[in-house]
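Enquirer:
In our numbering, the protein residues as written are 9 to 417.
(1) Is residue 294 helix, strand or coil when you go by DSSP?
(2) Which same chain residues end up closer than 8 Å to residue 277 when comparing Cβ atoms and leaving out the 5 residues on each side of it in sequence?
(3) Considering only residues of the same chain and omitting the five flanking positions on each side of residue 330, which have a CB-CB separation below 8 Å?
(4) Beta carbon of residue 391, beta carbon of residue 263: below 8 Å?
(5) Compare the beta carbon distance of residue 200 and residue 208 with 8 Å and say whether it is the shorter of the two.
(6) How do the segment 364-372 and the segment 312-326 stand: do at least 3 beta-carbon pairs fall below 8 Å, yes or no?
(7) Does the segment 232-242 come close enough to the segment 116-126 that 3 or more CB-CB pairs lie under 8 Å?
(8) Do residue 150 and residue 298 have their CB atoms nearer than 8 Å?
(9) Between the alpha carbons of residue 408 and residue 177, how many angstroms are there, rounded?
(10) Give the DSSP bridge partners of residue 415, in chain order.
(11) Out of 110, 396, 361, 34, state which residue places its alpha-carbon closest to the alpha-carbon of residue 333.
(12) Look up residue 101 in the DSSP assignment and say whether it is helix, strand or coil.
(13) Pick helix, strand or coil for residue 9, following the three-state DSSP scheme.
(14) State buried or exposed for residue 383, treating a residue as buried only when at least 16 other CB atoms are found within 10 Å of its CB.
(15) What number of angstroms, rounded off, separates the C-alpha of residue 406 from the C-alpha of residue 397?
(16) Which residues does DSSP pair with residue 385 in a beta bridge?
(17) Hey, would you say residue 98 sits closer than 8 Å to residue 165, going by beta carbons?
(18) Our contact map puts residue 324 next to residue 182 with C-beta atoms below 8 Å; I'd like the distance itself, whole angstroms only.
(19) So is residue 47 buried or exposed if we call it buried at 16+ other beta carbons inside 10 Å?
(20) State whether the segment 121-140 contacts the segment 250-261, with contact taken as three or more CB pairs (one from each stretch) at a distance under 8 Å.
(21) Beta strand (DSSP E) containing residue 181: first to last residue?
(22) Would you mind stating whether residue 75 and residue 44 have Cβ atoms separated by less than 8 Å?
(23) Please return the same chain residues whose Cβ sits closer than 6 Å to the Cβ of residue 225, not counting the five positions on each side in sequence.
(24) Please state the DSSP three-state secondary structure of residue 195.
(25) To the nearest angstrom, report how far apart residue 159 and residue 345 are at their CA atoms.
(26) Leaving out five residues on either side along the sequence, give the residues of the same chain with a beta carbon under 6 Å from the beta carbon of residue 203.
(27) Going by DSSP, name the residue or residues bridged to residue 119.
(28) Expressed to the nearest angstrom, what Euclidean distance is found between the alpha-carbon atoms of residue 195 and residue 236?
(29) Residue 260: buried (16+ other C-beta within 10 angstroms of its C-beta) or exposed?
(30) Does the beta-carbon of residue 242 have 16 or more other beta-carbons within 10 angstroms, so that it is buried, or is it exposed?
(31) Looking at the structure shown, is residue 354 part of a helix, part of a strand, or coil, going by DSSP?
(32) I'd like to confirm something about residue 413: is its beta-carbon nearer than 7 Å to some heavy atom of the ligand NAD, or not?
(33) Which residues in the same chain as residue 402 place their Cβ atom closer than 6 Å to its Cβ, once the five residues preceding and following it in sequence are excluded?
(34) Have a look at 60, 68, 62 and flag the residue whose alpha-carbon is nearest the alpha-carbon of residue 51.
(35) Could you check if residue 156 is buried or exposed, using at least 16 other CB atoms within 10 Å of its CB as the buried criterion?
(36) Quick one: Cα of residue 29 to Cα of residue 291, how far?
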C-alpha cells in the first residue's frame, strides 16, 4: 500500500513538473573498502610506491591508512549521502581512534605524494609548534573527515573466547560493530574523482578488519533540484601519517585559523568533531574539559564534550579489562520483607567509564555551530581547550579535532 501511494505521488509530481524535469542519475552505492585489514607492518609498504594492491587499495603509513579512488557522478537532483563503517578486531584487543575521510579535490599536495616524498606538508606557522598538515597551506588542504569512530575492545576476534567476562545483562558478545553517518553536507567534495581514506591508530600487525560504504540516495521527485552547497576544511589534528605528531598543543595555546567566506554564501555552519585522549589515571580521556570556539575574538560556542553512556556498549567490548570495585548495594531481603544495604564487590569494565566525547565502540558525530551573522570576507576562527594537559613521557594527553565550514551557495 505504501509503495503504491508513493508511486502515485511520484506520478502526480511528474505531471506537475512540466517540461522542467531534472535528469536522474539513480541511487548509487560504493563499497569502498570490503573487509580490508588495517594494521601496522613496518617495511611492508615501501615509501617510494603507492601502487594499489589486487583490490585497488593503496596502503600508507605502514598499513594504518588505506586509500581508494572512486568516481561519483554529479547529481542534479537532491541526494542524501550516508557513510557506513563496519569493523571487527583482526587480533588487536585495544580501543583505538579511527577516521574515514576524503581528500579535498583541490589539494594538489596530499597523502599520496607526501608518502612518496614528492611533496611535503606546508611549513607550519611558528605558533603551531611544528604540527604539520593540520591547517591549509600552499596547494594543500587538510583532509575532510566523514566519520570519527573509536574501535571497541576486541569485538569479533575475542567474542567467542571471553565468556567469563560477560556480564549477566548481555546475552552474547557482538560479532562486529557498525556505524552510519549522514554526510550530505560534504557532497561538494564527494562528486567526480574522489580519494576516500580510512585510518586506524593501531600499532599491531593483527589490526582490524573493516568495510566502508558510501550510499547516494537520489530523490524520486523529478523537479527536486540539488541545492548547490560547499564544504571547506578548516582544521584536522588527527595524526594520519608521518611526520604528523600527537597534538597536545591545546595544553599551551589556542589554534587560530583564517577562513575566507565568499559573497553569496548562505546558512554558514561550522562542523566540529572532537575526542580527548590520555589513558593514564586523570588523563584528558577521563577528565571533563571545556572546548571553546570563537569567531573574530567573540565566543560563539562552548561545551564540555563528554559521554556518560559507555556501559551501554559493553556487548562490543569482550576483551575490555575488568576489575572489582567495592560499593554499597541495595537489595531486597525477602524474608525480612524490606530493602537492605550491603557493601559488595561489583565487576567494572574499562569500557564502562565515561570519556571525553567517546566510548569504545561508538562513532563521534559532529557538533553543528550556526554562523548566521558571518559576512563575506576573511575571518579568524579560534579553537581553545584551556585546561588541556600536556603530553609528558608516557602520559599521552592530546585532542583530536577536525572542523569544516559548509554553506549554501
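Cβ coordinates follow ideal geometry from the N, Cα and C atoms, glycine included.
Expert: For this structure:
(1) The three-state reading of DSSP puts residue 294 in coil, since its state is none of H, G, I, E or B.
(2) 193, 376, 377, 378, 379, 413, 414, 415
(3) 173, 355, 356, 357, 358
(4) yes
(5) no
(6) yes
(7) Taking 8 Å as the limit for Cβ pairs, the verdict is that the segment 232-242 does not touch the segment 116-126.
(8) no
(9) 33 Å
(10) 238
(11) 361
(12) coil
(13) Bear in mind that a pLDDT of 49 at residue 9, under 50, signals an unreliable position, so the number given afterwards is only what the model happens to contain. DSSP places residue 9 in coil when its eight states are reduced to three.
(14) Exposed, since its Cβ has fewer than 16 Cβ neighbours within 10 Å.
(15) 7 Å
(16) 269
(17) Yes, the pair counts as a contact, with Cβ atoms nearer than the cut-off.
(18) In this structure residue 324 touches residue 182 by the C-beta definition: roughly 5 Å separates them, less than 8 Å.
(19) buried
(20) Counting C-beta pairs closer than 8 Å gives three or more between the segment 121-140 and the segment 250-261, which meets the contact rule.
(21) No beta strand (DSSP E) contains residue 181, which DSSP labels as neither H nor E.
(22) The answer is no: Cβ separation not under 8 Å.
(23) 35, 88
(24) helix
(25) 46 Å
(26) 75, 77, 111
(27) DSSP, once it has assigned bridges, lists no residue as partnering residue 119.
(28) 9 Å
(29) exposed
(30) Under this definition residue 242 is a buried residue.
(31) strand
(32) No copy of the ligand NAD occurs in the structure displayed, which carries no ligand at all.
(33) Excluding sequence neighbours, residue 402 sits near nothing in its chain.
(34) Ranking the options by Cα distance to residue 51, first place goes to 68.
(35) buried
(36) For residue 29 and residue 291, the gap between their C-alpha atoms comes out near 57 Å.
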